[in-house]
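There are 2 protein chains.
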Amino acid sequence: MYRISELAKTHSVSAHTLRYYEKYGLLRASARSDSGYRLYSEEDNKQLRFILMARQSGFSLDDIQTLLSIELDKGSHTCEEVTRLTRSKLDEVSQRIHELKQVKKSLETLLASCGGGEESAVHCTILQSLEDGEKTQRGKN
Amino acid sequence: MYRISELAKTHSVSAHTLRYYEKYGLLRASARSDSGYRLYSEEDNKQLRFILMARQSGFSLDDIQTLLSIELDKGSHTCEEVTRLTRSKLDEVSQRIHELKQVKKSLETLLASCGGGEESAVHCTILQSLEDGEKTQRGKN
DNA sequence: ATAAACCTTAGAGTCTACTCCAGGGTCAAC
DNA sequence: GTTGACCCTGGAGTAGACTCTAAGGTTTAT
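Chains A and B are the protein sequences, given in the same order. The first sequence begins at 3 in this note's numbering and counts up by one. The second sequence begins at 3 in this note's numbering and counts up by one.
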């Protein structure tokens with residue numbers, strides 16, 4: 003059995019975070035010491051690994067709730083449920099990447115237009131683009 | 003002069019948002035009616051356009067504060083200040099894209115491994131990968 | 001003259017995933 | 001027997017950009 007900060011250290015998270023996960027309903031210590039300290043079993047350890055892997059793969063804590071409820075009773079669930087969640091997460095991430103790429107292009111266009119030297123900003127083309135309400139993406143898009 | 007919801011409609015934002023920008027210090031209506039209604043001038047309109055362009059380009063409201071203070075007194079500032087801010091924003095965005103691409107790769111690897119049909123989740127490879135704590139990025143990375 | 005559609009303010013709530021705090025109890029070492 | 005490192009709980013605070021609410025006042029159309 004591990005105490006909270008042992009488990010925390012093993013997984014490079016804080017003890018705070020583990021208590022937070024408990025409050026969130028993701029991970030309960032399977033025992034307590036006489037003095038009330040949380041004691042985590044090997045099973046708990048594995049469950050935490052599962053949680054952190056999922057988090058690293060882009061799932062929200064809410065999603066992880068769902069994944070765990072499937073994981074803990076696999077027999078009553080289908081692969082389809084898992085792939086649906088995964089695919090929808092993938093769509094979200096792809097969409098976000100797409101948006102950020104637009105933003106990146108805007109910023110690059112702004113930068114490319116401006117020398118950026120010590121001159122006064124009076125004629126700064128970045129400011130001018132923003133004033134003019136130019137779609138900075140134009141041209142290349 | 004425009005009333006708040008006229009200006010809001012023109013720029014497809016809510017009146018709430020305009021009041022919020024005022025509280026934030028980004029955009030003050032340049033006049034008030036006898037009854038206290040905000041009245042926005044053509045200048046205000048332009049300034050809002052500037053704000054929204056910058057926001058769309060990925061600047062935070064805080065950044066926009068800075069950009070505006072430069073914009074409103076260009077003489078005392080240099081292009082360098084503007085490009086520095088822009089470049090740092092670009093770096094942030096690039097970094098975030100990079101992270102999200104990692105996440106995307108993880109999700110794709112998970113998905114690729116699982117058929118996702120109506121079968122029971124007992125042998126679902128996605129769940130298994132998460133259990134095993136496999137670095138799903140491996141192989142291709 | 002009254003209803004609908006607008007406007008005002010101050011302040012609270014939303015979302016996510018923590019992070020920190022106060023105020024206290026527990027444990028191991030010297 | 002005390003220091004220091006650990007643990008507990010409940011609850012507040014953080015970031016960013018809104019979004020909404022309550023409780024009213026104003027304008028416009030009918």
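Just so you know, even glycine gets a beta-carbon here, dropped at the ideal spot from N, CA and C.
With 16 other Cβ atoms within 10 Å as the buried cut-off, status of residue i
i             : result
residue 73/B  : buried
residue 131/A : buried
residue 97/A  : exposed
residue 108/A : buried
residue 75/B  : exposed
residue 93/B  : exposed
residue 64/A  : exposed
residue 77/B  : exposed
residue 25/B  : exposed
residue 91/A  : buried
residue 118/A : buried
Span of the beta strand (DSSP E) around residue i
i            : result
residue 42/B : 40-42
Run of the alpha helix (DSSP H) containing residue i, from where it starts to where it stops
i             : result
residue 100/B : 81-115
residue 17/B  : 17-26
residue 132/A : 127-134
C-alpha gap between residue i and residue j, whole angstroms
i             : j             : result
residue 100/A : residue 106/B : 12 Å
residue 128/A : residue 60/B  : 14 Å
residue 87/B  : residue 27/A  : 41 Å
residue 111/B : residue 123/B : 17 Å
residue 44/A  : residue 57/A  : 20 Å
residue 142/B : residue 102/B : Its pLDDT being 34, under 50, residue 142/B is placed unreliably by the model, and nothing is read from it.
residue 84/A  : residue 33/A  : 30 Å
residue 114/B : residue 35/A  : 44 Å
residue 68/B  : residue 20/B  : 18 Å
residue 126/B : residue 15/A  : 28 Å
residue 52/A  : residue 8/B   : 51 Å
residue 18/A  : residue 70/A  : 21 Å
residue 82/B  : residue 29/B  : 25 Å
residue 39/B  : residue 11/B  : 16 Å
residue 133/A : residue 47/B  : 11 Å
residue 23/B  : residue 49/B  : 11 Å
residue 135/B : residue 55/A  : 6 Å
residue 95/B  : residue 66/A  : 27 Å
residue 5/A   : residue 42/A  : 6 Å
residue 31/A  : residue 89/A  : 31 Å
residue 104/A : residue 121/A : 29 Å
residue 62/B  : residue 79/B  : 20 Å
residue 37/A  : residue 13/A  : 24 Å
residue 116/A : residue 3/B   : 34 Å
Paired residues, beta bridge with residue i - DSSP
i             : result
residue 34/B  : 40/B
residue 4/B   : 42/B
residue 71/A  : The partner list for residue 71/A (beta bridge, DSSP) is empty, contrary to what the question assumes.
residue 122/B : 80/A
Margin query: Beta carbons nearer than 7 Å to chain B: which residues of the stretch 105-134 of chain A have them?
Written below: 105, 106, 108, 109, 110, 112, 113, 116, 117, 118, 119, 120, 121, 122, 123, 124, 126, 128, 129, 132, 133
Next item on the list: Using a Cβ-Cβ cut-off of less than 7 Å, list which residues of the stretch 92-103 of chain B approach chain A; keep chain order.
Entry: 92, 95, 96, 98, 99, 102, 103
Note to self: Please identify, using Cβ separations under 8 Å, the residues of the stretch 56-72 of chain A that lie next to chain B, in order along the chain.
What the structure shows: 56, 58, 59, 60, 69, 72
Margin query: Can you pull out the residues from the stretch 17-34 of chain B whose beta carbon lies closer than 9 Å to at least one beta carbon of chain A?
Written below: none
Margin query: Closer than 8 Å between beta carbons: that is the criterion. Which residues of the stretch 38-49 of chain A meet it against chain B?
Written below: 48
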